[in-house]
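Enquirer: This is the structure I have questions about; it appears just below.
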Amino acid sequence: MTENQSGENGLNVIRLMVASLLALLLNACAGGAPAPVEDREIDTRVRTPARQDSAGVQVYPLRNPAVVQFTQDARRAEHAGDLDQAAVFLERALRIQPRDPEIMQQMAEIQLQKGDYEQALNFAVRSYDTGPRVGEICARNWRTIGVARAHLNDQNGALEAEQRAGQCMNTRPAGF
Amino acid sequence: MLLAGLMVGTLLPWIIWLNHVVTSEFECRKWDLPSRVFARPLSLYPGLQMSAQAFESELMVAGYLYSDSASDPGTFSSSGGQYQVYRRSFRFDDGIQAGLRFRANLSNGVVRSLSDESGALDLVRLDPAEIASIFPLHDEDRTLVSIEDVPELLLTGLQAVEDRNFKNHPGIHLRGIFRALMANIRAGKAVQGSSTLTQQLVKNYYLSNERTLPRKINEAFMSLLLELHYEKAEILEAYLNEVHLGQQGSHGIHGFSRASEFYFGGSLDQLGTGQIALLVGLVRGASLYNPRRNPDRALARRNQVLDIFTLTGLISKRESDSAKSKPLEVSQKPRTGRSRYPAFVELVRRQLRSDYREEDLRNEGLRIFTTLAPFEQEAAERAVVSGMKSLADRGLPADLQSAMVLADVASGEVRAVVGDRSPGRDGFNRALNARRQIGSVIKPLVYLLALEHDADYNLLTRIMDEPITLKQPDGSIWSPANYDGTSHGELSLLEALTRSYNQATVRLGMNIGVHQLIARLEQLGINAPVDPVPSTLLGAVELTPIEVAQIYQSIAAGGYTVRLRAVTAVQTAEGETLNRYPLRLMPQPRRDAVAILNYALTQVVEKGTARALPALLGSDAVIAGKTGTTNERRDSWFVGYTRDRLAVTWVGQDDNTPAGVTGGNAAMQLWARLFRVLPLKSVDLDMPEGAYWTWVDPTLNALSDESCDGAEQLPFIEGTEPRSVTPCLARLDRDDRKSIWRKWFERN
Chain A
20 MTENQSGENG LNVIRLMVAS LLALLLNACA GGAPAPVEDR EIDTRVRTPA
70 RQDSAGVQVY PLRNPAVVQF TQDARRAEHA GDLDQAAVFL ERALRIQPRD
120 PEIMQQMAEI QLQKGDYEQA LNFAVRSYDT GPRVGEICAR NWRTIGVARA
170 HLNDQNGALE AEQRAGQCMN TRPAGF
Chain B
702 MLLAGLMVGT LLPWIIWLNH VVTSEFECRK WDLPSRVFAR PLSLYPGLQM
752 SAQAFESELM VAGYLYSDSA SDPGTFSSSG GQYQVYRRSF RFDDGIQAGL
802 RFRANLSNGV VRSLSDESGA LDLVRLDPAE IASIFPLHDE DRTLVSIEDV
852 PELLLTGLQA VEDRNFKNHP GIHLRGIFRA LMANIRAGKA VQGSSTLTQQ
902 LVKNYYLSNE RTLPRKINEA FMSLLLELHY EKAEILEAYL NEVHLGQQGS
952 HGIHGFSRAS EFYFGGSLDQ LGTGQIALLV GLVRGASLYN PRRNPDRALA
1002 RRNQVLDIFT LTGLISKRES DSAKSKPLEV SQKPRTGRSR YPAFVELVRR
1052 QLRSDYREED LRNEGLRIFT TLAPFEQEAA ERAVVSGMKS LADRGLPADL
1102 QSAMVLADVA SGEVRAVVGD RSPGRDGFNR ALNARRQIGS VIKPLVYLLA
1152 LEHDADYNLL TRIMDEPITL KQPDGSIWSP ANYDGTSHGE LSLLEALTRS
1202 YNQATVRLGM NIGVHQLIAR LEQLGINAPV DPVPSTLLGA VELTPIEVAQ
1252 IYQSIAAGGY TVRLRAVTAV QTAEGETLNR YPLRLMPQPR RDAVAILNYA
1302 LTQVVEKGTA RALPALLGSD AVIAGKTGTT NERRDSWFVG YTRDRLAVTW
1352 VGQDDNTPAG VTGGNAAMQL WARLFRVLPL KSVDLDMPEG AYWTWVDPTL
1402 NALSDESCDG AEQLPFIEGT EPRSVTPCLA RLDRDDRKSI WRKWFERN
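The listed protein sequences derive, respectively, from chains A and B. When you line the first sequence up against the numbering used here, it's residues 20 to 195, in that order. When you line the second sequence up against the numbering used here, it's residues 702 to 1449, in that order.
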């Protein structure tokens, strides 16, 4: 399997996504996500609202099975509370797919939980830059950026990020 | 009485102090285990681009042996792209990984599948190659040996030559010292020494080399104290590992085991009688009897030692004669011992010292995990060696030097470093230490600053390539010329950069401000002093290849700067991870401008000063690069990158004399030799937020349409695109244009 990040493929994915979004809107069946069971910032302020922002539409590129293994390992480490180890797994995943927006966003969320807000911000921005700039991952990008900026005392920036998160379903991504 | 009191009052504290020095240092040094340095582990997964040659090279460097059945850990077999590998178990920084017997199927440069007896595997991580054993805090390279592993003849022969009474004396020869003292008194100064092995060890461990009486007295007392505390075998073992037997660049060759590797390319137990005699003879003077530099003297010394061996009954006359009839048997090139890649290992040392606490590095037997990719390192070395030979064949000076740095674009992990045209030579490491003018390699930063400049510049902005005369701060007049000696008049930013025109660049740079360029260099982590003079715009800045790699990492990664790193983790011998070097991103604020610069640098390769590159590579992959040549052809630089690999190459003369080189005729050739054997992935030209691709007519500097003649797609920062439109686009605009949504879906 090769990396699936070329502009043409990305464009196709986005077109597909927009098409499915239109379909969803037409059917008016975009249900909200289940309520969070945990009260962690990463869930209450990033993951859950992002699912709501994106109305459940996800845009994931095809994944390399080795990368899937690492991201799952990282998730397990995160749930076990070993954030350093989770970051190690994600770094290994990034060695295989260095521009994968999902891995970078996952890394951003790990950094957020570690309290390294600067790196959380940077990884989320990079994920947004290389990602589809639309859909759930876009919303997670901006939610993470917002939370990180708030912690870094950039309240205006945080507010702007919250707004951008809300726009992840209705703007044409720039750069295409 | 008073005298006795004085003696006790001064002597006793002094002896107690000496005792403390002797024991603490000996304890510390006696058990000093070197740190083990590992390459990055090779992770295999289906889809990985890897040639069979690369895979086998990785296995070989990691010490895997070819066998028919791969039935033992550390062996592999192969048949037509089908590999059977028995992976060894290994303790990584994230835990112990068990051994595994697996199959790998490679074809056409790609890993197709992996499996073990229970089925397909998504991922297999091999145990990493051990590339060096080092002492992070000192520039010494040792291979330690325990006394049981030392050949009998070396143990006895060393005593026969250096200290026949070692077994019995208390650390010093009283009679010998007395004799030396008398000789010194007669000469009026300290000229003669008579040292036991213990004294020699003490001298090596604790004392300077000066020949003074107080030092001699200290040495004698310390030797007595050492003998008091430790067994003879312990002292002899320490001596065998400590004695200075040669020099390689700034590294001392210490100990017999290391010297055996250094001079003969093998371990102690493989040495013949003559070789042992040579090593023993070197104790008297490693430099004087250096077998590579002074072979005649070394031969005489070896034979002298063989005579002593015979006289003392250690070997027979016949064995001695047979040994004497042989040449010195020294290997041609000094092997760098267990440090196969000295230039890379120097980077490891440097980063360890700058990023770790000294007390952590004092831990013995550290396990250091690095980023070196064995196949890429080997390929870089081959590219330099074969490339330099080919340059000489083409008439360039035969003593040119070279350096190369290869790094992963996104992570900044350094994959290979070459610091000398003979890569195994452990001398001056040009990749890290040669400060040379970088010439045109600096220009992309000038254009980057222009693109970032408040909406004033885009790639089509017209600038003038005309003569310019400037007064430098020292009062001198500076009138830069172009490489081809002519001025090219009005042209676009893109043309000026791809063709590397000096006059246009200086004019542009003067509008931006030299201080802006210097500030950017600093921000990118360049600490070298840079003069705020106009010639800086043309690269009158002395940087090392690794610093140039750091600057371009930032560009190649789309403005996501990371610090180049050679170390990923360090573990204590017990398996505790000391500190990790995590990946840390430092985004540049204007990644839109960086993305546009990336495109411009692909045009350097497509139609600019590096346009010969695609043919050299035999590939149509999109590659970005920049050539650099300095005044009077002293330095040749090439920086080039693909989507995932960035390499900097430099060629020039060590003494900075004109070398007849240009970026294209030398450094780029080496770069191409390296990348011919690496996977070539096209540079990523997706635009980040704030920049986009649009159709323009470059000659008219106007917006155009895909369907118009002469239209090209170029990237622009939003708001900086040309303001005028081509007549063709104006006509189309008048027509009933399709809605943007319709057009968008139709293009699918």
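Don't be surprised by glycine CBs; every beta carbon is placed ideally from N, CA and C.
Can you say whether Glu818/B is buried or exposed, counting buried as having 16 or more other CB atoms within 10 angstroms of its CB?
Expert: Classification of Glu818/B: exposed, given that the 10 Å Cβ count is below 16.
Enquirer: May I ask you to list, following chain order, the residues of the stretch 1245-1261 of chain B that have a beta carbon less than 8 Å from some beta carbon of chain E?
Expert: The question asks about chain E, but that chain is absent: this structure's protein chains are A and B.
Enquirer: For a contact meaning CB atoms closer than 8 Å, what does Val144/A contact in chain B?
Expert: Residues of chain B passing the Cβ test: Pro1288.
Enquirer: Would you please verify whether the beta carbon of Pro1389/B is less than 7 Å from any beta carbon of chain A?
Expert: It does: the Cβ of Pro1389/B has a partner Cβ on chain A nearer than 7 Å.
Enquirer: If we cut at 7 Å on Cβ distances, does Asn160/A have a partner in chain B?
Expert: Taking Cβ atoms only, chain B never reaches closer than 7 Å to Asn160/A, which makes this a no.
Enquirer: Is Ala799/B helix, strand or coil by DSSP?
Expert: Coil at Ala799/B, not helix or strand.
Enquirer: Under 7 Å Cβ-Cβ, which residues of chain A neighbour Leu1404/B?
Expert: The premise fails here: Leu1404/B is roughly 17 Å from chain A at the closest Cβ pair, so nothing lies under 7 Å.
Enquirer: Check whether the stretch 775-783 of chain B and the stretch 804-821 of chain B are in contact - that is, three or more C-beta pairs closer than 8 Å.
Expert: Yes, they touch.
Enquirer: Just how far apart, CA to CA, sit Gly1038/B and Ala1348/B?
Expert: Reliability fails at Gly1038/B, whose pLDDT of 47 lies under 50, so the model's placement of it is uncertain and no value is given.
Enquirer: What residues in the stretch 1281-1307 of chain B bring their beta carbon closer than 8 Å to a beta carbon of chain A?
Expert: Cβ contacts with chain A: Arg1281, Pro1283, Leu1284, Arg1285, Leu1286, Met1287, Pro1288 and Arg1292.
Enquirer: Taking Cβ-Cβ distances shorter than 9 Å, what residues in chain A pair up with Ser1112/B?
Expert: Within chain A, the residues near Ser1112/B are Glu110, Leu113, Arg114 and Pro117.
Enquirer: What residue from Ile1227/B, Glu935/B, Arg1346/B and Trp1351/B has the CA that sits closest to Asn1366/B's CA?
Expert: Among Ile1227/B, Glu935/B, Arg1346/B and Trp1351/B, the Cα nearest to that of Asn1366/B is on Trp1351/B.
Enquirer: For Leu1101/B, collect the residues of the same chain with a Cβ closer than 8 Å to its Cβ; drop the 5 residues on either side in sequence, then sort them by chain order.
Expert: So the list reads Met1089, Leu1092, Ala1093, Arg1122, Val1352, Gly1353, Gln1354, Ala1360, Val1362 and Ala1367, once near-sequence residues are dropped.
Enquirer: Can you give me the C-alpha to C-alpha distance between Glu1419/B and Val1426/B, rounded to a whole angstrom?
Expert: Answer to the nearest angstrom: the Cα atoms are 16 Å apart.
Enquirer: Just curious, the alpha helix (DSSP H) that Thr899/B is in, first and last residue?
Expert: Here the alpha helix (DSSP H) through Thr899/B covers Leu898 to Tyr907.
Enquirer: So is Asn175/A in contact with chain B if we call contact Cβ pairs under 7 Å?
Expert: Asn175/A does not count as touching chain B.
Enquirer: I want to see whether chain A comes within less than 7 Å of Tyr1461/B, judged by CB atoms only; does it?
Expert: Nothing can be reported for residue 1461/B: it is not among the residues displayed for chain B, which extend from 702 to 1449.
Enquirer: Within the continuous beta strand (DSSP E) that includes Asn1280/B, where are the two ends?
Expert: First-last of the beta strand (DSSP E) with Asn1280/B: Thr1278 to Arg1281.
Enquirer: Give the residues of chain A in contact with Asp1321/B, contact being defined as C-beta atoms less than 9 Å apart.
Expert: None at all; the shortest Cβ gap to chain A is about 15 Å.
Enquirer: Which word fits Pro1233/B, buried or exposed, when buried means at least 16 other C-beta atoms lie within 10 angstroms of its C-beta?
Expert: Exposed, by the Cβ-count rule.
Enquirer: Which residues does DSSP list as the beta-bridge partners of Met1165/B?
Expert: Paired residues: Glu1191/B.
Enquirer: Leaving aside the five residues before and after Leu1371/B along the sequence, list all residues of the same chain whose C-beta is less than 8 Å from its C-beta, in chain order.
Expert: Excluding positions up to five away in sequence, the list reads Ala1084, Val1085, Gly1088, Met1089, Ser1103, Met1105, Phe1339, Thr1350 and Val1352.
Enquirer: Where are the alpha helix (DSSP H) runs, 4 residues long or more, that stay fully inside the stretch 1064-1108 of chain B, in chain order?
Expert: Counting whole runs of 4 or more residues, the stretch 1064-1108 of chain B contains the alpha helix (DSSP H) stretches 1075-1094.
Enquirer: Helix, strand or coil for Pro1315/B per DSSP?
Expert: Helix at Pro1315/B.
Enquirer: Go to Arg1208/B, then tell me how far its alpha helix (DSSP H) extends in each direction, as first and last residue.
Expert: Looking at the DSSP string, the run of the alpha helix (DSSP H) that includes Arg1208/B is Asn1203 to Ile1213.
Enquirer: Would you call Arg1137/B buried or exposed, if buried means 16 or more other Cβ atoms sit within 10 Å of its Cβ?
Expert: Buried: at least 16 other Cβ atoms inside 10 Å.
Enquirer: Pick from Asn942/B, Met923/B and Lys1382/B: whose alpha carbon is nearest that of Phe850/B?
Expert: According to the sequence provided, residue 850/B is Asp. The question's Phe does not apply to it. Nearest C-alpha to Asp850/B: Asn942/B.
Enquirer: Would you check if the stretch 1191-1198 of chain B and the stretch 1159-1176 of chain B touch, i.e. whether three or more CB-CB distances between them fall below 8 Å?
Expert: Cβ pair count under 8 Å is three or more, so yes.
Enquirer: Any Cβ of chain B within less than 7 Å of the Cβ of Val65/A?
Expert: No, its Cβ sits nowhere closer than 7 Å to a Cβ of chain B.
Enquirer: Closest to Ile1219/B by C-alpha separation, out of Ala1205/B, Leu1239/B and Cys1429/B, would be which residue?
Expert: Ranking the options by Cα distance to Ile1219/B, first place goes to Leu1239/B.
Enquirer: Are the C-beta atoms of Leu815/B and some chain A residue less than 7 Å apart?
Expert: No, Leu815/B does not count as interfacial toward chain A.
Enquirer: By the 10 Å Cβ neighbour count, where 16 or more other Cβ atoms means buried, how is Arg1131/B classified, buried or exposed?
Expert: It is buried - the Cβ of Arg1131/B has at least 16 other Cβ atoms within 10 Å.
Enquirer: So is Trp718/B in contact with chain A if we call contact Cβ pairs under 7 Å?
Expert: Output row for Trp718/B: interface = no.
Enquirer: Report yes if the CB atom of Gln91/A is closer than 7 Å to the CB atom of Asp823/B, and no otherwise.
Expert: Result no, Cβ atoms of Gln91/A and Asp823/B do not sit closer than 7 Å.
Enquirer: Asp1356/B to Val1118/B, Cα distance in whole Å?
Expert: So the two alpha carbons sit approximately 21 Å from each other.
Enquirer: Among the candidates Leu1415/B, Glu759/B, Val738/B and Ser779/B, whose CA atom is the shortest distance from the CA of Ala1080/B?
Expert: If we check each option's Cα against that of Ala1080/B, Glu759/B comes out closest.
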